[in-house]
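Residues in the sequence shown are numbered from 2 upward in steps of one, following our numbering.
Down below is the structure, laid out as structure tokens.
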Amino acid sequence: MAATVLDMIEPLDARVARLESDVAHIRSDVSDIKVDLRQMRSEISNLSTRTQDGFTAVRAEMQAEFKAVRAEMQNGFTAVRAEMQDGFTAVRAEMQDGVAAVRAEMQDGVAAVRAEMQDGVAAVRAEMHGGFAELRLELSKRDRIFLGGAFTLLAALGVLLAHAFGWVH
């Protein structure tokens, strides 16, 4: 049995030697992984810093662009507003001038019609006065008496008819 135990010891030593060799390789690999992790942490940190710096720069550029666009839009709106106000002022002035011109034409027309009407009324009056004057001259005294009698007779007839029909009590 002693030979068998020696046979077993030898392979056990070889196995331990292999295990020690494997552990040494594993330690070497772990050390390499640790070094790689430190480098990656550093690179990730640098990348994160660059990314944040990039976002900060982009944000600043966008804010500056937005401010510039806003300023341009405000200037544009201000210019359009001024143009519109000028246009409205010009249209208002044209309308006021047009209304004033129409008013003046209407006043002139009304004045002309009024003058024509006054002339026409004056002419009709003159004709009426002339006609009545002629009528008066033509009517003789006798005709006046006759007409007066005829009017009196008509009045009396009217009174009789009013009493006959019961229009007057």
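All C-beta atoms, glycine included, are put in the ideal place defined by N, C-alpha and C.
All figures in this text were calculated on a predicted structure; none of them were measured in a lab.
How long is the line joining the alpha carbons of residue 2 and residue 21, rounded to whole angstroms?
As a first step, residue 2 is located in the sequence shown; it is residue number 1 there, counting from the start. As a first step, residue 21 is located in the sequence shown; it is residue number 20 there, counting from the start. Low per-residue confidence applies at residue 2: pLDDT is 48, beneath 50, and the placement is therefore not dependable enough to give any value.
Taking the C-alpha atoms as reference points, what is the distance between residue 122 and residue 135?
Within the sequence shown, residue 122 is the residue found at index 121, counting from 1. Within the sequence shown, residue 135 is the residue found at index 134, counting from 1. One C-alpha to the other measures close to 19 Å.
Just how far apart, CA to CA, sit residue 80 and residue 68?
For the purposes of this step, residue 80 is taken as residue 79 along the sequence shown, with counting starting at 1. For the purposes of this step, residue 68 is taken as residue 67 along the sequence shown, with counting starting at 1. The C-alpha of residue 80 lies about 18 Å from the C-alpha of residue 68.
Out of curiosity, what's the CA-to-CA distance linking residue 105 and residue 111?
Taking the sequence shown and counting its residues from 1, the one referred to as residue 105 is at position 104. Taking the sequence shown and counting its residues from 1, the one referred to as residue 111 is at position 110. When rounded, the separation of the alpha-carbon atoms in residue 105 and residue 111 is 10 Å.
Under the three-state DSSP convention, the category residue 67 falls into:
Walking along the sequence shown from the start, residue 67 turns up at place 66. Secondary structure of residue 67 (DSSP, three-state): helix.
Does residue 2 come out as helix, strand or coil in the three-state DSSP assignment?
Along the sequence shown, read from residue 1 onward, the residue named residue 2 stands at position 1. The pLDDT assigned to residue 2 is 48, lower than 50, so where the model puts this residue is not dependable, and the model offers no usable value.
Three-way DSSP call (helix, strand, coil) for residue 167 in this model
Translated into the one-based positions of the sequence shown, residue 167 becomes position 166. Looking at residue 167 - three-state DSSP - the assignment turns out to be coil, as it is neither helix nor strand.
Residue 71 to residue 83 span [Cα, whole Å]:
In the sequence shown, counting from the first residue as 1, residue 71 sits at position 70. In the sequence shown, counting from the first residue as 1, residue 83 sits at position 82. Approximately 18 Å between the Cα atoms of the pair.
Cutoff 8 Å; reference residue 160; Cβ partners in own chain excluding five residues on either side
In the sequence shown, residue 160 corresponds to position 159, counting from 1. 169.
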